[in-house]
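First comes the structure, then the notes that go with it.
There are 2 protein chains.
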Amino acid sequence: MNTVYSRENTRKICIGNSEMGGDSPVSIQTMWKRAIPADKEVLLKELRRFAVLGCNVIRFAVPDEENARLLAKIAPLSPIPVVADIHFDYRLALLVLDGVHKVRINPGNIGADWKVKEVLSKAADMGIPIRVGINGGSLPRKLRELPQLEGMIAAAENEIDLLEAQGFRNAVFSLKSSSAENTIHVNRRFASLWDYPLHLGVTEAGPMIPGIVKNTRALLQLLGEGIGSTIRVSLSAPEEDEVVTGREILREAGLRAGGVDIVSCPRCGRSEFPVHELVAQIQEELYAVKKPLTVAVMGCVVNGPEEARHADIGITGSGNEAIIFCHGELKRKIPMDQALEALREEIREAVEE
Amino acid sequence: MNTVYSRENTRKICIGNSEMGGDSPVSIQTMWKRAIPADKEVLLKELRRFAVLGCNVIRFAVPDEENARLLAKIAPLSPIPVVADIHFDYRLALLVLDGVHKVRINPGNIGADWKVKEVLSKAADMGIPIRVGINGGSLPRKLRELPQLEGMIAAAENEIDLLEAQGFRNAVFSLKSSSAENTIHVNRRFASLWDYPLHLGVTEAGPMIPGIVKNTRALLQLLGEGIGSTIRVSLSAPEEDEVVTGREILREAGLRAGGVDIVSCPRCGRSEFPVHELVAQIQEELYAVKKPLTVAVMGCVVNGPEEARHADIGITGSGNEAIIFCHGELKRKIPMDQALEALREEIREAVEE
Numbered sequence: 204m205n206t207v208y209s210r211e212n213t214r215k216i217c218i219g220n221s222e223m224g225g226d227s228p229v230s231i232q233t234m235w236k237r238a239i240p241a242d243k244e245v246l247l248k249e250l251r252r253f254a255v256l257g258c259n260v261i262r263f264a265v266p267d268e269e270n271a272r273l274l275a276k277i278a279p280l281s282p283i284p285v286v287a288d289i290h291f292d293y294r295l296a297l298l299v300l301d302g303v304h305k306v307r308i309n310p311g312n313i314g315a316d317w318k319v320k321e322v323l324s325k326a327a328d329m330g331i332p333i334r335v336g337i338n339g340g341s342l343p344r345k346l347r348e349l350p351q352l353e354g355m356i357a358a359a360e361n362e363i364d365l366l367e368a369q370g371f372r373n374a375v376f377s378l379k380s381s382s383a384e385n386t387i388h389v390n391r392r393f394a395s396l397w398d399y400p401l402h403l404g405v406t407e408a409g410p411m412i413p414g415i416v417k418n419t420r421a422l423l424q425l426l427g428e429g430i431g432s433t434i435r436v437s438l439s440a441p442e443e444d445e446v447v448t449g450r451e452i453l454r455e456a457g458l459r460a461g462g463v464d465i466v467s468c469p470r471c472g473r474s475e476f477p478v479h480e481l482v483a484q485i486q487e488e489l490y491a492v493k494k495p496l497t498v499a500v501m502g503c504v505v506n507g508p509e510e511a512r513h514a515d516i517g518i519t520g521s522g523n524e525a526i527i528f529c530h531g532e533l534k535r536k537i538p539m540d541q542a543l544e545a546l547r548e549e550i551r552e553a554v555e556e
Numbered sequence: 204m205n206t207v208y209s210r211e212n213t214r215k216i217c218i219g220n221s222e223m224g225g226d227s228p229v230s231i232q233t234m235w236k237r238a239i240p241a242d243k244e245v246l247l248k249e250l251r252r253f254a255v256l257g258c259n260v261i262r263f264a265v266p267d268e269e270n271a272r273l274l275a276k277i278a279p280l281s282p283i284p285v286v287a288d289i290h291f292d293y294r295l296a297l298l299v300l301d302g303v304h305k306v307r308i309n310p311g312n313i314g315a316d317w318k319v320k321e322v323l324s325k326a327a328d329m330g331i332p333i334r335v336g337i338n339g340g341s342l343p344r345k346l347r348e349l350p351q352l353e354g355m356i357a358a359a360e361n362e363i364d365l366l367e368a369q370g371f372r373n374a375v376f377s378l379k380s381s382s383a384e385n386t387i388h389v390n391r392r393f394a395s396l397w398d399y400p401l402h403l404g405v406t407e408a409g410p411m412i413p414g415i416v417k418n419t420r421a422l423l424q425l426l427g428e429g430i431g432s433t434i435r436v437s438l439s440a441p442e443e444d445e446v447v448t449g450r451e452i453l454r455e456a457g458l459r460a461g462g463v464d465i466v467s468c469p470r471c472g473r474s475e476f477p478v479h480e481l482v483a484q485i486q487e488e489l490y491a492v493k494k495p496l497t498v499a500v501m502g503c504v505v506n507g508p509e510e511a512r513h514a515d516i517g518i519t520g521s522g523n524e525a526i527i528f529c530h531g532e533l534k535r536k537i538p539m540d541q542a543l544e545a546l547r548e549e550i551r552e553a554v555e556e
């Protein structure tokens, strides 16, 4: 089975001012993990933070009418397109369509045909795309006895039939399993059959470590085969961790240039330099840099000075003294307690250069 | 260029009571990140903890004679083989050889021939293997002008010449770069040339997220090609995170069976169940389980009950009530504040079954 529809020849979908599918760059999504805050400034501040870290699209669960109305009102203010995630209740979909940029809803979950028709016709009138999300763990009852791959493809086919029966093709699909391997196989199969853009992710992937490993495996494999137009890394961890993981995966896939490459040592008994602490204090600032920069934070005399020398900016030190290299040249010697501030200054300067 | 020496046909090396290379299972290593504690019970307790999490080999930096003597004394008590990491000073190597199970030292760094001879002849007499570690960031000065791949292979060749000139072949090699891509290429090249077992890792890979992504990329690729007999994931994070990442990578590579697969949801605005908190509280216990088990911790009514049902043990809930499923059947309803303890009990029971 070959990929027929690789990224470039999937249909292009517009989500607010941004695009997904076709030749548009692979985007990064995350999902808001709490209740939608009543104070919209609190929310918008967080969304701006996610955007700076590289988030392109944000999704919100919409459990009830109150949240649907709130989200429709807030969405137009968001710095990045907003997706409403709705299950079962077509009325919530109708409400959010008044403000959001995309709706994730499975027509197969909505019920009666007239409800599906009503949602799709409003979405079509407003030019708002739908994401259909097939999850291996929650297939329609009648498909649960099939092998997961077959069940997921059959579920996708049913959803496509429901959409296309209404002439609706402004859609993105996701096929997620909690197994990286199944996620790879089912997306390959989908891409051999249909030209809808694919939203990739391993679902319920677990906490940080197993979640990052599973998503890296599945997403790098698929992206490397030309499959996938947008990604979301699901982790039992904060939104920013999902965004940063997504970025690093796209960078390793060669699909996202720029940003800081942090070269930092694991620390060992030789280390006299507070590598972990310094990296922890500065990493969010580093992740926010768009310019391509290599920043080395090194702890020991074995690899330290040499790696620090190769980097655009490198810091290492011992005893009471820290040293900063820029583009291979010793630039500053500072007391250890000024290391963080000095590194910040050098990064700011390099960004402005 | 093809892999000539895949894992199975590399030479087998003995490290204390365990083996590396040939048909032995791929082992997981980490490195002690602080000074060696004076109180050996403090250290041994930590080493036992790492071993339970899946660590097979532990390495210590040996910066001076005091540490060399201390490590030689402690190593025989360790629950897992101990590697001494030594740079430049052949006297430290001679001291640690009286107790440790492997020495990481580059003959090319030791200096005069007679020093190299003395170290290798003592190691040979005692049957203790040497790991030679080539790092892209700290190549010998005369090789630094070459492209990284060529420089690293030339450095490895020099080290092999020095070893083999003494008839010493009881060695493991590592070729680490801070770039995942270079790490892949250089190890492929080494495996096409020599039959020494390879210790894999991306060096100075950065903090948790980029570090896990880079290591997952490089190690899954190489292991999938049959390259690599032991792995170490370098992270600017605690030892246990390196071990757990190593395990998850081996599991995804199909090279390590058993252990818990945590299926846990990322949480969203629908979630009424404290998924992140519960997973954080129980993950180390879960990582310590050797039996193959799927444990699902799910937050919402959309995917929750269904995923929880598929798992060996699943927990979800809302409001004041948590529910536990075992092997697809509802087993317990408990008040939310007893969820953690009840999950612990079910895991213990499943492990003893």
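Protein chains in written order, with the numbering used here: chain U, 204 to 556; chain Z, 204 to 556. Heads up, the beta-carbon is just placed ideally off N, CA and C, and yes, glycines get one too.
Kindly give me the distance between the Cβ atoms of D301/Z and I412/U, rounded to whole angstroms, as I take these residues to be in contact under 8 Å.
Here residue 301/Z corresponds to residue number 98 of the second sequence, with the count starting at 1. Here residue 412/U corresponds to residue number 209 of the first sequence, with the count starting at 1. At roughly 37 Å, the Cβ-Cβ gap does not stay under 8 Å, so D301/Z and I412/U are not in contact.
Should V446/Z and L295/Z be called a contact, given that it needs their Cβ atoms to be closer than 8 Å?
In the second sequence, counting from the first residue as 1, residue 446/Z sits at position 243. In the second sequence, counting from the first residue as 1, residue 295/Z sits at position 92. No; because the gap between Cβ atoms is not below 8 Å, this pair is not in contact.
Here's the rule I'm using: 16 or more other beta-carbon atoms within 10 Å means buried, otherwise exposed. How should W235/Z be labelled?
Your numbering for residue 235/Z matches position 32 in the second sequence. With 16 or more other Cβ atoms within 10 Å, it is buried.
Option in V466/U, V405/U and E249/U with minimal Cα separation from S381/U:
Numbered from 1 along the first sequence, position 178 holds the residue referred to as residue 381/U. Among V466/U, V405/U and E249/U, the Cα nearest to that of S381/U belongs to V405/U.
Answer yes or no: does any C-beta atom of chain U fall closer than 8 Å to that of W397/Z?
Your numbering for residue 397/Z matches position 194 in the second sequence. It does not: the Cβ of W397/Z has no partner Cβ on chain U nearer than 8 Å.
Going by DSSP in three states, M355/Z sits in which element: helix, strand or coil?
Looking up residue 355/Z in the second sequence gives position 152. Three-state DSSP puts M355/Z in a helix.
Bridge partners - Q232/U, DSSP secondary structure assignment
For this step, residue 232/U is matched to residue 29 along the first sequence. Beta-bridge pairing links Q232/U to V260/U and R435/U.
Partners in chain U for V466/Z, counting only beta-carbon separations shorter than 7 Å:
Counting from one through the second sequence, the residue named residue 466/Z turns up at place 263. Near V466/Z (Cβ distances below 7 Å), the residues of chain U are S381, E407 and G409.
C-alpha gap between C217/Z and P400/Z, whole angstroms
Translated into positions along the second sequence, residue 217/Z becomes position 14. Translated into positions along the second sequence, residue 400/Z becomes position 197. Answer to the nearest angstrom: the Cα atoms are 11 Å apart.
Along the chain, where does the beta strand (DSSP E) containing V375/U start, and where does it finish?
Along the first sequence, one-based indexing puts residue 375/U at 172. Per DSSP, V375/U belongs to the beta strand (DSSP E) from A374 to K379.
Residues of chain U with CB closer than 9 Å to the CB of G472/Z, please, in chain order.
Residue numbering aside, residue 472/Z sits at position 269 when the second sequence is read from its first letter. Here the neighbours are M234, W235, K236, R237, A238, I239, F263, A264, V265, P266, N270 and D288.
Tell me, please, whether the CB atom of K345/U is closer than 8 Å to any CB atom in chain Z?
Residue 345/U sits at position 142 when you count from the first residue of the first sequence. Not an interface residue.
Counting only Cβ pairs nearer than 7 Å, list the residues of chain U close to K318/Z.
Indexing the second sequence from 1 puts residue 318/Z at position 115. Simply none; closest approach about 18 Å.
Heavy atom of the ligand COA within 7 Å of N338/Z beta-carbon
Absence of the ligand COA from the depicted structure is noted, as is the absence of any ligand whatsoever, leaving it without description.
Is any beta-carbon of chain Z found at less than 8 Å from that of L423/U?
Walking along the first sequence from the start, residue 423/U turns up at place 220. Yes, because at least one Cβ of chain Z sits closer than 8 Å to the Cβ of L423/U.
Compare the C-beta of Q586/U with all C-beta atoms of chain Z and state if any pair is closer than 8 Å.
The structure shown does not extend to residue 586/U, since chain U is modelled only from 204 to 556, so the question has no answer here.
Taking R559/Z as the query, report the chain U residues whose CB atoms sit under 7 Å from its CB, ordered along the chain.
Because chain Z here runs from 204 to 556, residue 559/Z falls outside it and cannot be looked at.
Answer yes or no: does any C-beta atom of chain Z fall closer than 8 Å to that of H304/U?
Here residue 304/U refers to the residue found at position 101 of the first sequence. H304/U does not count as touching chain Z.
Helix, strand or coil for K534/U? Go by DSSP, reduced to three states.
For this step, residue 534/U is matched to residue 331 along the first sequence. In the structure shown, K534/U sits in a strand (DSSP, three-state: E or B).
What whole-angstrom Cβ distance do T419/Z and R420/U have, given they're in contact under 8 Å?
Indexing the second sequence from 1 puts residue 419/Z at position 216. Indexing the first sequence from 1 puts residue 420/U at position 217. Their Cβ separation, rounded to whole angstroms, is 6 Å, which keeps T419/Z and R420/U in contact under 8 Å.
How about R391/U: is its C-beta nearer than 8 Å to some C-beta of chain Z?
Here residue 391/U corresponds to residue number 188 of the first sequence, with the count starting at 1. Not an interface residue.
I want to verify the contact list: residues of chain U whose CB lies under 8 Å from the CB of L438/Z, in sequence order.
Translated into the one-based positions of the second sequence, residue 438/Z becomes position 235. Here the neighbours are P469.
Quick one: what does DSSP say I559/U is sitting in, helix, strand or coil?
Only positions 204 to 556 of chain U appear in the structure, and residue 559/U is not among them; the question remains open.
Inspect the CB distances between the segment 274-285 of chain U and the segment 245-264 of chain U and report whether three or more fall short of 8 Å.
yes
Going along the chain, which residues of its own chain have a beta-carbon closer than 7 Å to the beta-carbon of R272/U, five neighbours each way excluded?
For the purposes of this step, residue 272/U is identified with residue 69 of the first sequence, where counting begins at 1. Around R272/U: L298.
Chain Z contact residues for R420/U, given Cβ-Cβ distances below 8 Å
Residue 420/U sits at position 217 when you count from the first residue of the first sequence. Here the neighbours are T419, L423 and E455.
Neighbourhood of E222/U by C-beta, 6 Å cutoff - its chain only, sequence neighbours within 5 removed:
The residue given as residue 222/U occupies position 19 in the first sequence. For E222/U, where only same-chain residues beyond five positions count, the Cβ hits under 6 Å are K215.
Within 8 Å of any Cβ in chain Z, is that where the Cβ of N522/U sits?
In the first sequence, the residue the question calls residue 522/U occupies position 319. One detail in the question is off: residue 522/U reads as Gly in this sequence, not Asn. So no, G522/U is outside the interface.
Min CB distance H479/Z to chain U below 8 Å:
By 1-based counting over the second sequence, the position of residue 479/Z is 276. Chain U contact via Cβ: present.
Going by DSSP, which residues form a beta bridge with S286/Z?
Numbered from its first residue, the second sequence carries residue 286/Z at position 83. Residue 286/Z is actually Val in this sequence, not Ser. Paired residue(s): R262/Z and K305/Z.
Give me the chain Z residues within the contact set of H513/U, using Cβ-Cβ distance strictly less than 8 Å, ordered along the chain.
In the first sequence, residue 513/U corresponds to position 310, counting from 1. Simply G340.
Would you decide whether Q541/Z is buried or exposed? Buried here means 16 or more other CB atoms lie within 10 Å of its CB.
In the second sequence, the residue the question calls residue 541/Z occupies position 338. Under this definition Q541/Z is an exposed residue.
Please compile the residues from chain Z whose C-beta is within a distance smaller than 8 Å of the C-beta of D444/U.
Numbered from its first residue, the first sequence carries residue 444/U at position 241. Chain Z residues near D444/U: I412.
Mind checking whether G431/Z and L403/Z have CB atoms under 8 Å apart?
Here the question's residue 431/Z lines up with position 228 in the second sequence. Here the question's residue 403/Z lines up with position 200 in the second sequence. Yes, the Cβ-Cβ distance between G431/Z and L403/Z is below 8 Å.
Tell me the DSSP secondary structure of F253/U in three-state form.
Within the first sequence, numbered from 1, the residue matching residue 253/U stands at position 50. DSSP places F253/U in helix when its eight states are reduced to three.
Which residues DSSP lists as bridging M223/U, in chain order:
Walking along the first sequence from the start, residue 223/U turns up at place 20. The partner list for M223/U (beta bridge, DSSP) reads I216/U.
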